[in-house]
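Residues 16 to 213 (this note's numbering) are what the sequence shown spells out, left to right. What follows is a set of notes on a single structure, which appears directly below.
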Amino acid sequence: MIRVAIMASGTGTNAKALLKAESELSDVSVELVITDKIDAGVIEISKSFSKPIEVIEKKESTKTEHESRIKKTLKDYKIDWIFLAGYMRILSSDFIDSFFDSNIQQSRIINIHPSLLPHFRGLNAYERAYEEKSEHIGISIHFVDGGMDTGKIILQERFQSDFNHGFEEFKEQGLALEHKLYPHVLKNLPLIQQKGHL
Ligand code: GAR
């Protein structure tokens, strides 16, 4: 059994999609949800799936202290893989290295990013793509490395928009694709763990 933790800072719609998919899997199990925000929507979502939720706020602690509390919790739950689902902090290289898998030469940390990487790295990717009426719109799921949304791509898909509707509709379109692709990656985690790709 592969033991997964989800880390999220916000609404938690991706966490919800992962938890829904996980209930039908026999070889992958979400053992824990971690959030750094006391009021994150993901807290209620985790509870509704009867999953342990750990709120680990940063508050006045340093990044190193905050991450070491997270690492301890991950260790307590014997977590093998982390799925970042709207976790809005940059992880340090020390943290990423502590999840490095020498077999696949990647960290066992996966992120979903709301753009067709390498386009629109960083914050507010949907907003920027929409404003530019970019032709490079899509969703990317990638291994986490030391850079900002630079890790090796696991799965990527484009979507189409004529930008004639409002931003909310555009974002909904993107999120619907996120909710389809991220569970697909979770389901295929045994393969990814073995081969380093889908
Ligand atoms: C999602 O769109 C996710 O791709 C994005 O945050 C949102 C979280 O929504 N992640 C990033 O921008 C990471 N850089 P959710 O809380 O409803 O899953």
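Note that beta-carbon positions come from the ideal geometry of N, C-alpha and C, so glycine has one too. All figures in this text were calculated on a predicted structure; none of them were measured in a lab.
- With a cut-off of 8 angstroms on Cβ pairs, the stretch 88-95 is not in contact with the stretch 52-61, counting fewer than three such pairs.
- Cα atoms of D160 and I53: separation of roughly 27 angstroms, rounded to the nearest angstrom.
- Around the C-beta of N126, 16 or more other C-beta atoms lie within 10 Å, and the residue is accordingly described as buried.
- At the C-beta level, I21 and L47 come within 9 angstroms of one another.
- Ranked by Cα distance from R18, the first of V45, T28, K148 is V45.
- Relative to the non-hydrogen atoms of ligand 1, the Cβ of D164 comes within a distance shorter than 8 angstroms of at least one.
- For A140, the secondary structure class from DSSP, reduced to helix, strand or coil, is helix.
- Shown here for G166: same chain residues with a beta carbon closer than 6 angstroms to its own, the five before and five after excluded, namely H157, F158, V159, D160 in chain order.
- Annotated as proximal: G101 and A30, with beta-carbon spacing under 9 angstroms.
- Between the stretch 193-204 and the stretch 116-134 there are three or more C-beta pairs closer than 8 angstroms, enough to call the two in contact.
- DSSP places H212 outside both helix and strand once states are collapsed to three, so it counts as coil.
- DSSP places I111 inside the alpha helix (DSSP H), whose first and last residues are 108-112.
- Taking every protein chain shown into account, the CB of L201 has 16 or more other CB atoms within 10 angstroms, so this residue is buried.
- In terms of Cβ geometry, H81 and I68 do not form a close pair [threshold 9 angstroms].
- About 6 angstroms separates the Cβ atoms of I85 and I49, confirming a contact at the 8 angstroms cut-off.
- Under DSSP, I154 shares a beta bridge with E172.
- Counting only the Cα atoms, A32 lies some 15 angstroms from L204.
- Under the three-state reduction of DSSP, R123 is assigned to coil, being neither helix nor strand.
- With a cutoff of 8 angstroms, Y92 does not count as near ligand 1, since its C-beta is closer than that to no heavy atom of the ligand.
- For L47, the enclosing beta strand (DSSP E) begins and ends at 43-50.
- Put simply, of D95, L34, K73 the residue whose alpha carbon is nearest the alpha carbon of S65 is L34.
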